[in-house]
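2 protein chains.
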Amino acid sequence: MSTEPRQLHLNAFLMTPGHHDAAWRHPDSQPHRATDVTYFQQLAQTAERGKLDSIFFADGLAVWGRLRSNVSGGLEPLTLLAAIAAVTSRVGLIATASTTFNEPFHLARKFASLDHISNGRAGWNIVTSGSVTEANNFNLEEHLDHAVRYQRATEFLEVATGLWDSWADDAVLLDKESGVYADPDRVREIQHAGPFFQVRGPLNVQRSPQGWPLLVQAGSSEDGREFAARHAEAVFTAQQTLEDAVAFAKDVRARAAAHGRDGLPLILPGICPIIGATEAEARALEDELTELQVIDYGLAQLSNMLNVDLSGYPLDQPPPEHLLPTEQEVNGNKSRFTLVSDLARREGLTIRQIIARLGGGRGHRVVAGAPEQIADAIESWFRAGAADGFNIMPPILPTGLDAFVDHVVPELQRRGLFRTEYTGTTLRDHYGLPRPDARSTESESLLASSSL
Amino acid sequence: MSTEPRQLHLNAFLMTPGHHDAAWRHPDSQPHRATDVTYFQQLAQTAERGKLDSIFFADGLAVWGRLRSNVSGGLEPLTLLAAIAAVTSRVGLIATASTTFNEPFHLARKFASLDHISNGRAGWNIVTSGSVTEANNFNLEEHLDHAVRYQRATEFLEVATGLWDSWADDAVLLDKESGVYADPDRVREIQHAGPFFQVRGPLNVQRSPQGWPLLVQAGSSEDGREFAARHAEAVFTAQQTLEDAVAFAKDVRARAAAHGRDGLPLILPGICPIIGATEAEARALEDELTELQVIDYGLAQLSNMLNVDLSGYPLDQPPPEHLLPTEQEVNGNKSRFTLVSDLARREGLTIRQIIARLGGGRGHRVVAGAPEQIADAIESWFRAGAADGFNIMPPILPTGLDAFVDHVVPELQRRGLFRTEYTGTTLRDHYGLPRPDARSTESESLLASSSL
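Chains X and U supply the protein sequences, listed in that same order.
When we follow our numbering, the leftmost residue of the first sequence carries the number 1, and every step to the right adds one.
When we follow our numbering, the leftmost residue of the second sequence carries the number 453, and every step to the right adds one.
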């Protein structure tokens, strides 16, 4: 009776106009604030008002070709989150950053700095990047092969965690009397020499409140799942059905257990909640957004997901079978490809229907309904073992986040599934994850399964 | 009679305990706040209270070996400045970043983001980095040759400015009705292909309030002066005597004029003002700080500047002539080397005396006195053509900045030399510099003299 029920974790996935691809055309959205820091600060404060675990920004290192029909050209996530840290005090701050186009010293340093600035609220969504457009901005004509990117990511993480552990917690002595600031024996070089990186260290930032930022990952391919199982503490994933979501969670957990990481990583499927006072109101909003979709944009996005050009094919027929490549042929975002080809093959949807279906959450689960129905959709997956929490992707911002915080969160709190106050101060506290000890047995073991 | 007198520009150079190398041992300093964002936010607010043009952070990409005897392991400047931007509204925000160990796409993006976040207050102090310790953190056993670093810096700047200009000011149309967000014809690829970088572009950040961050530079070697003359809008420099300072300013201005850049760059020598209510009080503070110096630290720093190991030589004799290499032999910070060897050769100072002399400003001018005397020191150089303003380097923080803002600034204002209110909102406004037009004749001409 007195046992605390298992608690949900909720992350707010923020992007300028909201997650529906037509959001920017809806009167409730604020696409003119794409580069306005106060817009994002206000969204973060809303998430904090709702006691959410964290906010999160996706990222890419190029303008995607279709800037004609959607918001682009916003702010770099780490820089933005530092400005958000200054006006919030509890909500976690998760930035996406690429291991393919960064150097580990820079990134380790920036996350350590953000962790200090936010008093322990930094998280890193580790991505390997998947597009030739990004490679073209970094001296490459082709992007690295999928498997090579994950090898690089693994070594990158080994270097970064080594750097975060290079200052002991008690390295700074600050003895004004004797003139000793730090103990050189408690600050160590990492002397890393691997196939991708040679980094001497130590980091030039003192050990941060969390030790390491929370490590998040979102790849769902074979390589991605293995990486998550070995290294991630939380996983963002796109799942359309409860069955698939449960299977994914079981698979990743079993892989992690095989590496001695029981209970990790936390699984956070995306959900795009279209909220109305009634279900009818929510459906009307969903239809209104579908009406506002720019078909050329949806077609281009779908073509991008499938790695084929769909323009010229009849919109009201399914995409021809021969256009759907096998997963082996895709050197990009494998998990998103699988979702799309399932919609075509399993449900037999037409191109137009697929575009409408993907409009809300780009492959993530979309649920339209009254607040209780959204809470039901969350609770059912949570109780069925499909999720430890959710990546909340409001279709329109800021209104969709306001609705979630003001109406869905209280319902989840009434059901005893979600905190009514923060009980800790760091992002790791919110997710119930331990602080890694510098060079302790525990932190070593987190990397012990590295393939390098 | 009605002509506005020429106005000084003042930049506050911030570092944790203050600029005197013994500052951290003085009771007024706060070395325990090296990673405390509120410490730096408060310093920035003090600078803003004093109507200063800007604040500035130096940077390096490694822990220098002597962490035993001085503060190290602080925060990364760009991340820190974003958090400072959130709690200030006028003061400019200048971050140091290296062209040798960064990719132009990342850095262009971060400065554009900071410029948006600060509503047009970003500045970039362009450095080429000079130590093998830094190279060792970026996959290199040796650092790049001095001349190669400047070639890379020149191409880096060409790419970065191209990226900042890749979105026209009017690229975003935001037509909700017709479904057109941006005009693809007003966002262009830069298609850069050079010896160091291949970058397609466009940048994934919309054009920022200032267009480009203010471009600052601090190298005083032959290569450094040429780079400043061609590209910098402001120059930080270390000068010990009025004669040297005037010569330096004339030289850089003449070089710039030869490239068609009349009146640029602004010259901002460093000054470490040791302020007391009376001159005697200031001298007492200076002596107190010299007393607190850790001689091993000073010796290591001096050895580093000269690129020779001075340990084992008698402290009360000048460094032996044969230990002073020629400038050609130094592949590091050439300007600082020249200053030190002048102290030895020109003034015949002993090793101990040089360490004491360098303790206050690491080669920058140190002036101890009452507020009026500090103002005299500033005014005399300003009127003699040695400076357009100064890089203020308080010996101890926060007290040294408080003293400057509360006592020296009002004196400069009484003399009609410094603003009493901000008249513009951007960093370029404060320095009286124009906003570059995207791809206009003017912005082209700023790069026209590039050697690439």
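All residues carry an ideal CB built from backbone N, CA and C; glycine is no exception.
Taking all protein chains shown into account, do 16 or more other C-beta atoms lie within 10 angstroms of the C-beta of Q301 (chain X), making it buried, or fewer, making it exposed? Stepping through the first sequence from its first residue, residue 301 (chain X) is reached at position 301. Counting Cβ neighbours within 10 Å, Q301 (chain X) comes out buried, since at least 16 surround it.
According to DSSP, is S72 (chain X) part of a helix, a strand, or is it coil? For the purposes of this step, residue 72 (chain X) is taken as the residue at position 72 of the first sequence. Three-state result, S72 (chain X): coil.
Sequence-distant residues of the same chain with beta carbon closer than 8 Å to L758 (chain U), five excluded per side: Within the second sequence, numbered from 1, the residue matching residue 758 (chain U) stands at position 306. Here the set comprises P771, L775, L776, P777, F789, V792 and S793.
Residues in the stretch 456-472 of chain U with C-beta within 8 Å of chain X's C-beta atoms, listed in sequence order? Cβ contacts with chain X: none found.
In DSSP terms, what L93 (chain X) is bridged to: Here residue 93 (chain X) corresponds to residue number 93 of the first sequence, with the count starting at 1. According to DSSP, which records beta bridges pairwise, L93 (chain X) is partnered with X:I55 and X:A122.
Can you pull the DSSP bridge partners for N843 (chain U)? Position 391 of the second sequence holds residue 843 (chain U). U:N463 and U:G722.
Residues of chain X with CB closer than 7 Å to the CB of G525 (chain U), please, in chain order. Sequence index remark: in the second sequence, residue 525 (chain U) carries index 73 (1-based). Near G525 (chain U) (Cβ distances below 7 Å), the residues of chain X are W167, N204, V205 and Q206.
Flag this pair as yes or no: are the beta carbons of P209 (chain X) and N304 (chain X) separated by less than 8 Å? Numbered from 1 along the first sequence, position 209 holds the residue referred to as residue 209 (chain X). Numbered from 1 along the first sequence, position 304 holds the residue referred to as residue 304 (chain X). Not in contact: P209 (chain X) and N304 (chain X) (Cβ atoms no closer than 8 Å).
Could you pull out every unbroken alpha helix (DSSP H) segment of at least 4 residues lying fully inside the stretch 398-441 of chain X, listed in chain order? The qualifying runs are 399-403, 409-414 and 427-431.
Close Cβ partners of A448 (chain X) (< 7 Å) along its chain, the five nearest in sequence each way excluded: If you number the first sequence from 1, residue 448 (chain X) lands on position 448. Confidence at A448 (chain X) is low in this model, with a pLDDT of 34, below 50, so the placement of that residue should be treated as unreliable; the coordinate-derived value is given next. The answer is none, since no qualifying residue turns up.
State yes or no: is the beta carbon of T551 (chain U) nearer than 8 Å to at least one beta carbon in chain X? Your numbering for residue 551 (chain U) matches position 99 in the second sequence. By this cut-off, T551 (chain U) is not an interface position.
Three-state secondary structure (DSSP) of L801 (chain U): Locating residue 801 (chain U) in the second sequence gives position 349, where the first residue counts as 1. Looking at L801 (chain U) - three-state DSSP - the assignment turns out to be coil, as it is neither helix nor strand.
Residue range of the unbroken alpha helix (DSSP H) whose run includes T79 (chain X): If you number the first sequence from 1, residue 79 (chain X) lands on position 79. Here the alpha helix (DSSP H) through T79 (chain X) covers P77 to A85.
For chain X, check one thing: does any of its Cβ atoms lie closer than 8 Å to the Cβ of G614 (chain U)? On the second sequence, residue 614 (chain U) is found 162 positions in, with the first residue counted as 1. The beta carbon of G614 (chain U) does not come within 8 Å of any beta carbon belonging to chain X, so the residue lies off that interface.
Going by Cα to Cα distance, which pick from X:G385, X:G416 and X:L140 is closest to F557 (chain U)? Taking the second sequence and counting its residues from 1, one reaches residue 557 (chain U) at position 105. Its Cα nearest to that of F557 (chain U), the residue X:L140 stands out among X:G385, X:G416 and X:L140.
Whose CA, out of U:A464, U:A474 and U:L718, lies closest to the CA of R809 (chain U)? Taking the first residue of the second sequence as 1, we reach residue 809 (chain U) at position 357. Ranking U:A464, U:A474 and U:L718 by Cα distance to R809 (chain U) puts U:A474 first.
Check the Cβ of I569 (chain U) against every Cβ in chain X and list those closer than 8 Å, keeping chain order. In the second sequence, the residue the question calls residue 569 (chain U) occupies position 117. In chain order: V37, L75, T79, L80 and A83.
Between the Cα of G884 (chain U) and those of U:G544, U:E500 and U:A499, spot the shortest distance and give me the residue it belongs to. Position 432 of the second sequence holds residue 884 (chain U). Out of U:G544, U:E500 and U:A499, U:G544 has the C-alpha closest to the C-alpha of G884 (chain U).
Cross-chain neighbours of R640 (chain U) in chain X, by beta carbon under 7 Å: On the second sequence, position 188 is the one that residue 640 (chain U) refers to. Neighbours of R640 (chain U) on chain X: none; closest Cβ ~10 Å, over 7 Å.
Going by DSSP, name the residue or residues bridged to G201 (chain X). For the purposes of this step, residue 201 (chain X) is identified with residue 201 of the first sequence, where counting begins at 1. Its beta-bridge partners do not exist; DSSP assigns none.
Does any CB atom of chain U fall closer than 8 Å to the CB of K110 (chain X)? The count along the first sequence starts at 1 and reaches residue 110 (chain X) at position 110. By this cut-off, K110 (chain X) is an interface position.
Threshold first: 3 residues or longer. Then list the beta strand (DSSP E) segments lying entirely within the stretch 792-836 of chain U, N to C. Along the stretch 792-836 of chain U, the beta strand (DSSP E) occurs as fully enclosed runs of 3 or more residues at 817-821, listed in sequence order.
Contacts around Q459 (chain U), its chain only, beta-carbon distance under 7 Å, and the 5 residues preceding and following it disregarded: Here residue 459 (chain U) corresponds to residue number 7 of the second sequence, with the count starting at 1. The answer, listed in chain order, is L869, F870 and R871.
I want to verify the contact list: residues of chain X whose CB lies under 7 Å from the CB of H595 (chain U), in sequence order. Numbered from 1 along the second sequence, position 143 holds the residue referred to as residue 595 (chain U). Ordered by position in chain X, no residue passes the 7 Å Cβ test against H595 (chain U), which lies about 13 Å from the chain.
So with CB distances below 7 Å, who are the chain X contacts of F649 (chain U)? Within the second sequence, the letter at position 197 stands for residue 649 (chain U). Per Cβ cutoff of 7 Å: N139.
Between H816 (chain U) and the rest of its own chain, which residues show a CB-CB distance below 7 Å, the 5 nearest in sequence each way excluded? Counting from one through the second sequence, the residue named residue 816 (chain U) turns up at place 364. These residues qualify, in order along the chain: A690, G722, I723, C724 and M845.
Could you check which residue in X:F390, X:W124, X:R230 and X:T426 has the C-alpha nearest to that of V409 (chain X)? To locate residue 409 (chain X), count along the first sequence from 1; it is residue 409. Comparing Cα-Cα distances from V409 (chain X) to each of X:F390, X:W124, X:R230 and X:T426, the minimum goes to X:F390.
So S521 (chain U) packs on Y749 (chain U), CB below 8 Å; how close in whole Å? Position 69 of the second sequence, counted from the first residue, corresponds to residue 521 (chain U). Position 297 of the second sequence, counted from the first residue, corresponds to residue 749 (chain U). About 4 Å; that satisfies the 8 Å criterion.
Of the residues X:R149, X:L67 and X:R90, which one's Cα is nearest the Cα of V294 (chain X)? Against the first sequence, residue 294 (chain X) aligns to sequence position 294. Taking only the C-alpha atoms, the option nearest V294 (chain X) is X:L67.
Taking the beta strand (DSSP E) that A232 (chain X) belongs to, which residues open and close that run? By 1-based counting over the first sequence, the position of residue 232 (chain X) is 232. Premise fails: A232 (chain X) is in no beta strand (DSSP E) and is neither H nor E.
Roughly how many whole angstroms lie between the Cα atoms of A499 (chain U) and S89 (chain X)? Here residue 499 (chain U) refers to the residue found at position 47 when the second sequence is read from its first residue. Here residue 89 (chain X) refers to the residue found at position 89 when the first sequence is read from its first residue. Their Cα atoms are separated by approximately 25 Å.
Taking only runs of the beta strand (DSSP E) that begin and end inside the stretch 613-647 of chain U, which ones reach a length of at least 3 residues, in chain order? 624-627 and 632-634
To the nearest angstrom, report how far apart H461 (chain U) and L720 (chain U) are at their CA atoms. Stepping through the second sequence from its first residue, residue 461 (chain U) is reached at position 9. Stepping through the second sequence from its first residue, residue 720 (chain U) is reached at position 268. The straight-line gap from Cα to Cα measures roughly 8 Å.
Given A182 (chain X), which residues of its chain have a CB within under 7 Å of its CB, disregarding the five upstream and five downstream residues? Here residue 182 (chain X) refers to the residue found at position 182 when the first sequence is read from its first residue. Close CB contacts of A182 (chain X) within its chain, under the 7 Å cut and outside five residues either way in sequence, are with A171, V172 and L173 (chain order).
Tell me which residue opens and which closes the alpha helix (DSSP H) that V252 (chain X) is part of. Taking the first sequence and counting its residues from 1, the one referred to as residue 252 (chain X) is at position 252. Unbroken alpha helix (DSSP H) run through V252 (chain X): L242 to A258.
Tell me, please, whether the CB atom of P909 (chain U) is closer than 8 Å to any CB atom in chain X? With chain U running from 453 to 904 in the structure shown, residue 909 (chain U) is simply not present.
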